[in-house]
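Take any residue in the sequence shown, count from 1 to its spot, add 614: that is its number in the numbering used here.
The beta carbon of each residue, even a glycine, is placed where N, CA and C say it ideally should be.
Keep in mind that this is a model prediction, so the values were computed, not measured.
First up is the structure itself, then whatever we jot down about it.
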Amino acid sequence: MNELRRATLNGDVFEYFDVGDGPPILFLHGALGDLRTWQGHSEILSGRYRCIGYTQRYFGRVSWRDEGPPFGVTTHAEDLLAFIEALFH
């Protein structure tokens, strides 16, 4: 498994991996998944690409605030935008 990192985005902590060099590929899991969905893919592709994957809010192993934002597409999109901005700016 790739070494996990943590990023604080929109007031909460998100786990992610960032391995390899080359053009970036951002892996985004679906419902009932987390970043582990993409571990095998990233291990294969990281020789040619920068592979990045994170666990979306309300999934995975990180505890979430009771007063956090609502679950939904808007919240996930805002988090994804914050994640991309944190990585590439």
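Distance check between E629 and each of W678, F685 and T688 places W678 closest, using alpha-carbon atoms only. Here R662 really is in contact with G636; their C-beta atoms are around 5 Å apart, less than 8 Å. In its chain, beyond the 5 residues on either side, T651 have a beta carbon closer than 6 Å to the beta carbon of H643. Residue Q670 holds the alpha-carbon nearest to the alpha-carbon of A696 among A645, D680 and Q670. Assignment of alpha helix (DSSP H) within the stretch 650 to 683, counting only whole runs of 4 or more residues, yields 653 to 659 in chain order. Annotation for D648: T669, F673 and G674 place their beta carbon closer than 7 Å to its own, counting only its chain and skipping 5 residues before and after. Look at D632 here: in three-state DSSP terms it is strand.
A direct Cα-Cα distance of roughly 14 Å separates F702 from F631. For F697, no beta strand (DSSP E) segment is defined; the enclosing uninterrupted segment is the alpha helix (DSSP H) at V687 to F702.
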